[in-house]
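Its first residue numbered 1, the sequence shown is counted upward by one per residue in full-length UniProt numbering. Think of the CB as a built atom: it goes at the ideal place given N, C-alpha and C, for glycine as much as any other residue. Quick caveat, the model's predicted, so the values are computed rather than measured. Structure first, commentary second.
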Amino acid sequence: MLNFSSLPSEIRQLCRDGKLETPTSGLALGFVQANLVVLPYSLAFEFLLFCQRNSKACPILDVTEVGDYEPKIIAPGADIRTDLPRYRIFQHGELIEETSNIKSFWKRDLVAFLIGCSFSFENAMLNSRLPVRHVEEQKNVPMYKTNIECIPTRMFSSPLVVSMRPLPANNVVRAVEVTSRYYKAHGSPVHIGNPEVIGIKNLEKPDYGDAVTVNDGEIPVFWACGVTTQTAIMQAKPELAITYSPGYMFISDLKDEYLTL
Numbered sequence: 001m002l003n004f005s006s007l008p009s010e011i012r013q014l015c016r017d018g019k020l021e022t023p024t025s026g027l028a029l030g031f032v033q034a035n036l037v038v039l040p041y042s043l044a045f046e047f048l049l050f051c052q053r054n055s056k057a058c059p060i061l062d063v064t065e066v067g068d069y070e071p072k073i074i075a076p077g078a079d080i081r082t083d084l085p086r087y088r089i090f091q092h093g094e095l096i097e098e099t100s101n102i103k104s105f106w107k108r109d110l111v112a113f114l115i116g117c118s119f120s121f122e123n124a125m126l127n128s129r130l131p132v133r134h135v136e137e138q139k140n141v142p143m144y145k146t147n148i149e150c151i152p153t154r155m156f157s158s159p160l161v162v163s164m165r166p167l168p169a170n171n172v173v174r175a176v177e178v179t180s181r182y183y184k185a186h187g188s189p190v191h192i193g194n195p196e197v198i199g200i201k202n203l204e205k206p207d208y209g210d211a212v213t214v215n216d217g218e219i220p221v222f223w224a225c226g227v228t229t230q231t232a233i234m235q236a237k238p239e240l241a242i243t244y245s246p247g248y249m250f251i252s253d254l255k256d257e258y259l260t261l
């Protein structure tokens, strides 16, 4: 049975066998989780430029060689075609399919980008006795599009997408201190408090993931989110793009401390 102490290799094998169908938050605590974006080589430099200009939302952890599906830096021996629970396939900016295996879509000119994820600092939050509501409620983290615009490139542009974790008011400063160390996992929050300031009208209706309980006396805290890359892909409309399904991440062999300052 999967639990907080499951090893990354065990989880990747379950994905490879088509036996993991849940979001990965709370799994293999202490190990780095990553977003996935796969694009043709012809777009790789410009996407890398978009990530460099928007590193808060898109911190690069690994980039594969052209046509190679092994993320050699963060998980030698892994296969990004099979080792995530769920993928999204986009054609010309339109989501056409969600699948548990992308072997049939793989081409020799594809490049894979592994991007830091806020799930990687949740172990540090839990160790600091900070609540992580979506883990408590066994849900996917809620994610929202904002009115904050990323720095564009010629092809890629996007509003910033954020994830939200509600915290008691007396825990907010501690959460900032804990998460700010994890600069390769989005680091410190981008907004604290009133969601309407950043264009979020209803916390109960996230654009991605699941709504979670916000108790009386709690403050919504928002972190940059790698789903930003998916909105950029939808606006750029490349012929083919492959991503993870929001909340269904790649679990690497790196320890969380790799991501700290």
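Contact the region 19-38 vs the region 158-172: 3+ CB pairs below 8 Å: no
Start-end ranges of the alpha helix (DSSP H) lying completely within the region 130-161, minimum 4 residues: 133-136
Whether Leu259 touches Lys145 by CB criterion (8 Å): no
Of the residues Gln33, Gly18, Asp216, the one placed nearest Glu257, counting alpha carbons only: Gln33
Own chain partners of Ile251 with C-beta closer than 7 Å, once the 5 adjacent residues on each side are dropped: Pro8, Ile11, Arg12, Thr24, Leu27, Ala28, Phe31, Gln33
DSSP three-state assignment for Val172, whether helix, strand or coil: helix
Alpha-carbon to alpha-carbon, Val66 and Gly209: 31 Å
Cross-strand partners of Asn35 (DSSP beta bridge): Ile115
Burial state of Pro142 (16 or more Cβ within 10 Å): buried
Sub-8 Å separation of Phe222 and Pro189 beta-carbons: yes
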